[in-house]
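J.: Sequential numbering of the sequence shown, starting at 67, is according to my numbering.
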Amino acid sequence: MLPDWLIGLIMGMVEGLTEFLPVSSTGHLILTADLINFGGPRSTVFEVVIQLGSILAVVVVFWKRLWSVVGIKTSGYKKTKLNLIHIIIGAIPAGLAGVVFHDFIKNVLFSSRNVVIGLVAGGILLIVAERFAKEPKSTNLDQISYTQAFLIGCFQVLALWPGFSRSGSTIAGGLLLGLNRKTAAEFTFILAVPMMIGASGVDLIKSWNVLSSSDLTLFITGFITAFIVALLAIVFFLKLLEKVKLTPFAIYRFIIAIVFTLVYLV
67 MLPDWLIGLI MGMVEGLTEF LPVSSTGHLI LTADLINFGG PRSTVFEVVI QLGSILAVVV
127 VFWKRLWSVV GIKTSGYKKT KLNLIHIIIG AIPAGLAGVV FHDFIKNVLF SSRNVVIGLV
187 AGGILLIVAE RFAKEPKSTN LDQISYTQAF LIGCFQVLAL WPGFSRSGST IAGGLLLGLN
247 RKTAAEFTFI LAVPMMIGAS GVDLIKSWNV LSSSDLTLFI TGFITAFIVA LLAIVFFLKL
307 LEKVKLTPFA IYRFIIAIVF TLVYLV
């Protein structure tokens, strides 16, 4: 068994790299945990902690935009058209579905077979989105309409299926609804803040009795690593999307699905 600090470092890096790329952090975390023999109740709590590290990275990258969304003035503040209503109506579909089906998702959908299905289906959605993407009418966050925000939120419901990928489903939805790649990704990241905090908060409360002071090294290392790596991954991915389509990510998902199948289903 690897030492806690090394487990935290490895899992934090995987979480930070994959949480906001359209490749499914869930599938990668399951594979990695299996490879390093990391499991049990504390692994579930640990995944929640490193997800919070990743979401903190979004807050840091988009802090001025997030403050403007809620109407808080900052240095260089400029009133923007993207507001809290966009975020609320975008979060409603997945938020409601997550509350209603929480136990079903955790107890039934988190199986190897379902993760493979999610990886493949999500990859197909990326290819479809690139093939049938509308001519971009929304090329920045302030051009997103309430209707687009709600419909992108509906695409986010797909991410409740493990392996589908939150960023993959919402970026694909954004392309199909007339956003360019960069704008779709930016809205996806901002929309992820309330969703991930809410979902992680619920899981953390339910698993509070599993926490132990002896796990501090694991949790702190994982949280900090996930935060730093996610910070770099977000900046890199936004620049990459200006040059690269989603199809390569779809192909990568199919490769991971094959690996997943060989490891767990054969």
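Each residue gets a CB set at the ideal place from its N, CA and C atoms; glycine is no exception. Bear in mind the structure is a predicted one, so any value in this text is a computation, not a measurement.
Tell me the start and end of each unbroken beta strand (DSSP E) in the region 213-292 that is at least 3 residues and wholly inside, in chain order.
T.: none
J.: With methionine 79 and phenylalanine 104 assumed to form a contact (beta carbons below 8 Å), what rounded beta-carbon distance in angstroms separates them?
T.: The residue given as residue 79 occupies position 13 in the sequence shown. The residue given as residue 104 occupies position 38 in the sequence shown. Contact doesn't hold; Cβ gap of about 13 Å is too wide.
J.: Going by the CB atoms, is the gap between phenylalanine 289 and glycine 93 shorter than 8 Å?
T.: Residue mapping note: residue 93 aligns to position 27 of the sequence shown, counting from 1. Residue mapping note: residue 289 aligns to position 223 of the sequence shown, counting from 1. Their beta carbons are not under 8 Å apart, which means glycine 93 does not touch phenylalanine 289 by this criterion.
J.: Give me the Cα-Cα distance between threonine 84 and isoleucine 171, rounded to the nearest whole angstrom.
T.: Your numbering for residue 84 matches position 18 in the sequence shown. Your numbering for residue 171 matches position 105 in the sequence shown. Rounded to whole angstroms, threonine 84 to isoleucine 171 spans 20 Å at the Cα level.
J.: For a test of the three-state rule: what should DSSP assign to serine 204, helix, strand or coil?
T.: Start at 1 with the first residue of the sequence shown, and residue 204 comes out as number 138. In the three-state reduction of the DSSP assignment, serine 204 falls in the strand class.
J.: Please name the residue, chosen from Leu298, Ile286, Trp129 and Gly264, that lies closest to phenylalanine 70 on a Cα-to-Cα basis.
T.: Position 4 of the sequence shown holds residue 70. Correcting the residue type first, residue 70 is aspartate in the shown sequence and not phenylalanine. Of the candidates Leu298, Ile286, Trp129 and Gly264, the one whose C-alpha sits nearest the C-alpha of aspartate 70 is Ile286.
J.: If you run the structure through DSSP and keep just helix, strand and coil, what is methionine 67?
T.: To locate residue 67, count along the sequence shown from 1; it is residue 1. In the three-state scheme derived from DSSP, where H, G and I count as helix and E and B as strand, methionine 67 is classed as coil.
J.: Below 8 Å between beta carbons: does that hold for glycine 184 and glycine 229?
T.: Locating residue 184 in the sequence shown gives position 118, where the first residue counts as 1. Locating residue 229 in the sequence shown gives position 163, where the first residue counts as 1. Cβ distance < 8 Å, so glycine 184 and glycine 229 count as in contact.
J.: Which residue from Val223, Ala215 and Gly234 puts its Cα closest to that of phenylalanine 303?
T.: On the sequence shown, position 237 is the one that residue 303 refers to. Ranking Val223, Ala215 and Gly234 by Cα distance to phenylalanine 303 puts Gly234 first.
J.: Please state whether the Cβ-Cβ distance between leucine 312 and proline 88 is less than 8 Å.
T.: Counting from 1 along the sequence shown, the entry for residue 312 is found at position 246. Counting from 1 along the sequence shown, the entry for residue 88 is found at position 22. Closer than 8 Å, so yes.
J.: Kindly indicate which residue of Ser109, Gly267 and Leu101 has the alpha-carbon position closest to the one of aspartate 281.
T.: The sequence position of residue 281 within the sequence shown is 215, counting from 1. Aspartate 281 has its Cα closest to that of Ser109, out of Ser109, Gly267 and Leu101.
J.: Select from Ala199, Ala323, Val223 and Gly156 the residue whose C-alpha is nearest the C-alpha of arginine 247.
T.: Residue numbering aside, residue 247 sits at position 181 when the sequence shown is read from its first letter. Here the closest residue by C-alpha is Ala199.
J.: Tell me the residue span of the alpha helix (DSSP H) that contains glycine 184.
T.: The residue labelled residue 184 in the question sits at position 118 within the sequence shown. Residues 178-198.
J.: For threonine 327, report the span of its alpha helix (DSSP H) as first-last.
T.: Along the sequence shown, read from residue 1 onward, the residue named residue 327 stands at position 261. No alpha helix (DSSP H) holds threonine 327; DSSP gives it neither H nor E.
J.: Phenylalanine 128 and isoleucine 218 - do their beta-carbons sit closer together than 8 Å?
T.: Position 152 of the sequence shown holds residue 218. Position 62 of the sequence shown holds residue 128. It is not a contact, given that the beta carbons lie outside the stated cut-off.
J.: May I have a chain-ordered list of the alpha helix (DSSP H) segments no shorter than 4 residues that lie completely inside the region 70-137?
T.: 70-84, 91-101, 107-127 and 129-135
J.: Please report the residue range of the alpha helix (DSSP H) in which isoleucine 153 lies.
T.: If you number the sequence shown from 1, residue 153 lands on position 87. From DSSP, the alpha helix (DSSP H) with isoleucine 153 extends over 150-166.
J.: Nearest-angstrom Cα distance between glycine 240 and methionine 67?
T.: Numbered from its first residue, the sequence shown carries residue 240 at position 174. Numbered from its first residue, the sequence shown carries residue 67 at position 1. Here the C-alpha atom of glycine 240 lies approximately 43 Å from the C-alpha atom of methionine 67.
J.: Determine whether the beta carbon atoms of glycine 188 and serine 279 lie at a separation below 8 Å.
T.: Here the question's residue 188 lines up with position 122 in the sequence shown. Here the question's residue 279 lines up with position 213 in the sequence shown. For glycine 188 and serine 279, no; Cβs fall outside 8 Å.
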